[in-house]
Amino acid sequence: MIWNGLSIPKMGLTMKNCNNIEMMKKPKTKQIKSKQIEEWISEGRAVLRNDLRPGDMEGWSDYYLFDKDGLIIRTTFERQNGILYEKYSEYKEFDKKISERANRANQQSISSDASFPGYIQVTVKEFEIMIAESDKILATEFSISLGLLGYSMPSLIYLDKAIKKVLKKFDAGDFEEKYAVLISAYCGEVLRRKIDGTWKITGNADGRLDQILIVEKANPEYSYRPEMPIALILSGDVPRGSNLKIEVDAQLHKYGFIKGNEEHYGIK
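Under this note's numbering, the sequence shown has 74 at position 74, and the numbering climbs by one with no breaks.
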């Protein structure tokens, strides 16, 4: 469907994909230098235990139990620095959530052009309402003054700061599952207003959301993917110091570093 920013009747959106997901706090970790790891190994404090390593990490990482309570993971090939999880129990809970998320994604049939992974499920109707309500919902969820979220490019700075405060404490995977669709709806509306475009929203046979695009009215051959800015930030696949405004700008060809790197930023 095409949506031009006209008002949509409120339908009592429950925001299931936002409010019913309990985000897990990040496990306590430390970056550990290779020299320190080697010392712990020689002292018997760090014991190689690759039986604890997930199968898909074989050949990539070494796992060490540390002082019977912690876990050290370091890259097999580099054998340099590592990450110490202060509590192995926290790591196990963290790893379990990743596996469960991957299993849920594998159970869902999605198109190759889908805007979100299979473990994120929202209906087209829910998303349509999110677009019109995204500023209010985000202001409430992230304790931002509603006056600061005006579907403008500068408003993305305020939203970015609020997002990063939350990401310092909570798992990025949980954050993605809880907020990625909502933030994409907001970013998309910022894009739409900036270029005087239209929403192109497609769903599957069950009414589930499949792909979202912002299409230029004057040049309909040009489309923009509003889910990409937050997806790139959450994956860490952005230049150092980047933020939500920069990544939305990148979708609009505003920055020189976009040239020759269009595929990376999902620009057609």
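By construction, the Cβ of each residue, glycine as well, lies at the ideal position given by its N, Cα and C atoms.
Being a predicted model, the structure only gives us computed values, none of them experimental.
What is the DSSP secondary structure of residue i, reduced to helix, strand or coil?
i	result
residue 85	strand
residue 272	The chain is shown from 1 up to 268; residue 272 falls before or after that span and cannot be answered.
residue 110	coil
residue 224	strand
residue 26	coil
residue 116	coil
residue 70	strand
residue 238	coil
residue 212	strand
residue 217	coil
residue 192	helix
residue 53	coil
residue 98	helix
What is the residue span of the beta strand (DSSP E) that residue i lies within?
i	result
residue 205	Careful: residue 205 lies outside any beta strand (DSSP E) and carries neither H nor E.
What does DSSP give as the partner residues of residue i in its beta bridges?
i	result
residue 38	Paired residues: none, contrary to the question.
residue 61	75
residue 48	64
residue 32	82
residue 233	Beta-bridge pairing links residue 233 to no other residue.
Over what stretch of residues does the alpha helix (DSSP H) that includes residue i continue unbroken?
i	result
residue 251	244–251
For residue i, count neighbouring Cβ atoms within 10 angstroms of its own Cβ and tell me buried if that reaches 16, exposed if not.
i	result
residue 38	exposed
residue 48	exposed
residue 128	buried
residue 213	buried
residue 40	buried
residue 75	exposed
residue 17	Note on residue 17: pLDDT 47, under 50, position unreliable in the model; no value is reported.
residue 136	exposed
residue 134	buried
residue 180	buried
Next on the checklist: Please give me, in chain order, every unbroken run of the alpha helix (DSSP H) with length at least 4 that falls completely inside the region 104–187.
Outcome noted: Correct list: 124–141, 155–167.
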